[in-house]
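Numbering (the numbering used here), first residue to last: 266 to 1001. Structure first, commentary second.
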């Protein structure tokens, strides 16, 4: 059956977070009476508790049925914690439509607008709310000059408040404000407009930047568990980019409270779509804690206290009933640490208890963190009570024994109690190699060699461990024996270890474990790969990948690379010779051109596909000898045409002219006499300087003047110098 033929109900059963299927059902239930659709809407908002558009659909359906009490109940459940601009517009519309007959309607409506601007007034799409608020105030009847002045002041206040907020269509809001002020008092308008022009310019600049940063954000997306799709990762990247942009303080405000409000609002917007990302919740809480401390240091105790309350509400929204992170232990622990930092120890302890009440979660880590907190706040005796409680919980793992033993050893300085706890855990978890390794490491730390051997022998000979689980213990036993025992004992353990492996690995691979230490191996990385050693797969894969990228596949392998290795005991560092591994494809690096892009190219750089690069050495030396381009002012020659002429040139001897014949002074050549031509040549030789000298003079002159100067001050101008000398020394003879 194709996916399109499956009903929305079946799709939701398979995937409760299939937003498209829920949307199809919404369209279906909107045509039904609210009595038949209410159960569906309750399931919808329970599945997507922070989806503003789903709450909006639910509220609008109740509103159409004129169930105003139910509408207000729904607003109380969702409005304050879901800062969705469309949901807040629905709230304002509801107040306008249902409270119009009350005598206090104008006051309540103004309070509703102020409440909305306080919560979502920083939204990029807040312009319609400001326009509605202003139009509402303009239409308020005013009798008498005092009431009229009050209305004008109220309208002006909202206008000026909106001008200071970056939003779309802020140009239209500014134009309306200017026209409004001019219609009230043209003389005063000029002064007020000049005062607020700076705020408007700043808001418009930030609004344009904000529009660019927010381009591509899907604000209508609902929070679903992360799936790792390309579109989802792109949205996460865009939201984090927007938050980072707000943290740069683009409005350049000096008021820390205003700056923090914008950043927190950016986090709140992101959480509407990324509610299943615990890092967004935690980063928001951390920023709020930083803000609270900063406000307290500045003396604003009231605001700091309000921020602390908002932090508590944020954590409760995340892990409370219906929260999207109610099963994320990380946020529970962070919340408990925050309460402990505020000296609210009983509340912090209650957070751990709430987490332990969730039967579907492994409580081991929760017990360990709770033991840490209780030890810090109440002492080691209270911590032991938590350990006793954890032992009785069948869901707990062996880790609580390890943690409790280490607490006793490091905090109480009593190794006997710690060893008793390990022994107690060994009776229950003798089939857990990780627990046995932790016990062995503890004894090794105490230099209890005999006890360590007893533990290894006791566990390995008990028969409770399957072969695969015992391998780690045998490796650690061999490592321990090679460190503290003699060669005879080491060889015995090695022999028993090989027997336990049932010849599943070659003797050479087992020998490697005997001689390796930390990340040092007795063979090179390539040799380990050839032998199939896989104890460090990540390091091995990384090294082999870099090795294959540094050598063409056709490169031969030296015999010393295979036979020599690191037999001298030196650490096997980066190999100098690469193996020709046929199963690892690699490019031929000899055919690659280096990628060296540069922002601006110079005369000594030529462009190729993939970057700009230096020319060959011979061409580069020639370019260094030639004068720089700025020393030549023309005429400019078409190089292509010049070379075409030179290639096609055929030297022909002029008939009747012998070049070796001495030319008389009185003879003419073209328009010049021979004597004049000689004087011109002599003048040219006397006035033309060495190109190297000219180049050095001009470069030094440009450094002194910073590259500026006029042509009249250029003493290196060869042409002018030549003309001056010609006027002094050459006397042109009259032509016949």
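Where a beta carbon is used, it is the ideal one built from N, C-alpha and C, also for glycine. Remember, it's a predicted structure, so these values are computed and weren't measured experimentally.
Closest in C-alpha terms to residue 418, from the list 431, 435, 449 and 429, comes 449. Contact annotation: residue 622 and residue 613 have beta-carbon atoms that are not nearer than 8 Å. Straight through space, the alpha carbons of residue 742 and residue 551 are spaced by roughly 45 Å. Note on residue 662: 16 or more other CB atoms within 10 angstroms of its CB, so buried under the neighbour-count rule. Counting C-beta pairs with one atom in each stretch, the segment 569–583 and the segment 542–550 have three or more that are closer than 8 Å, which means they touch.
The C-beta separation of residue 595 from residue 315 comes to about 19 Å, leaving the pair out of contact by the 8 Å criterion. For residue 663, the three-state secondary structure derived from DSSP is coil. Under the DSSP definition of a beta bridge, residue 785 partners with 782. Our two residues, residue 348 and residue 490, have alpha carbons roughly 21 Å apart in a direct line. Counting only the Cα atoms, residue 799 lies some 28 Å from residue 854. Annotation: the continuous alpha helix (DSSP H) that includes residue 374 extends over 370–385.
Nearest to residue 792 by alpha-carbon distance, out of 782, 783 and 777, is 777. Take the alpha-carbon of residue 660 and the one of residue 629: they are about 7 Å apart. Ranked by Cα distance from residue 625, the options 301, 592 and 512 are led by 592.
Spatial neighbours of residue 569 in its own chain (CB-CB distance under 7 Å, excluding positions within 5 residues in sequence) are listed in chain order as 557, 560 and 561. Contact annotation: residue 669 and residue 635 have beta-carbon atoms that are not nearer than 8 Å. Taking the Cα positions, residue 321 is about 9 Å away from residue 339. Within the same chain, 674 and 711 come within 7 Å of residue 680 by CB-CB distance, once the 5 residues on both sides are set aside. In the same chain as residue 487, and ignoring 5 residues on each side of it, the C-beta atoms closer than 6 Å to its own belong to 284, 313 and 316, in chain order. Collapsing the DSSP output to three states places residue 894 in a helix.
Check the Cα spacing between residue 329 and each of 309, 300, 350 and 310: the tightest is with 300. Counting only runs of 4+ residues, the alpha helix (DSSP H) found wholly inside the segment 585–647 occupies 594–606, 610–621 and 629–642, in chain order. Going by DSSP, residue 317 is part of the alpha helix (DSSP H) stretching over 317–329.
Take the alpha-carbon of residue 515 and the one of residue 395: they are about 22 Å apart.
With 16 or more neighbouring CB atoms inside 10 Å of its own CB, residue 350 falls in the buried class. Residue 539 sits close to residue 504, with the two beta carbons spaced by under 8 Å. Given a length threshold of 3 residues, the segment 509–594 has no whole run of the beta strand (DSSP E) inside it. Listed in chain order, the alpha helix (DSSP H) runs fully inside the segment 327–362 are 333–343, counting runs of at least 4 residues. Using a Cβ distance threshold of 8 Å, residue 359 and residue 336 count as a contacting pair. When 703, 678, 677 and 696 are compared, the shortest CA-CA separation from residue 687 is found for 703. If you ignore the 5 residues before and after residue 327, its C-beta comes within less than 7 Å of the C-beta of 299, 335, 336 and 339, all in its own chain and listed in chain order. Shown here for residue 572: same chain residues with a beta carbon closer than 7 Å to its own, the five before and five after excluded, namely 553, 556, 557 and 560 in chain order.
The C-alpha of residue 276 lies about 7 Å from the C-alpha of residue 286. Of the candidates 366, 478 and 353, 353 places its Cα closest to the Cα of residue 397. With respect to residue 390, residue 438 sits apart: the two C-beta atoms are not nearer than 8 Å. Contact holds between the segment 467–478 and the segment 430–437, because three or more Cβ pairs, one in each stretch, are under 8 Å apart.
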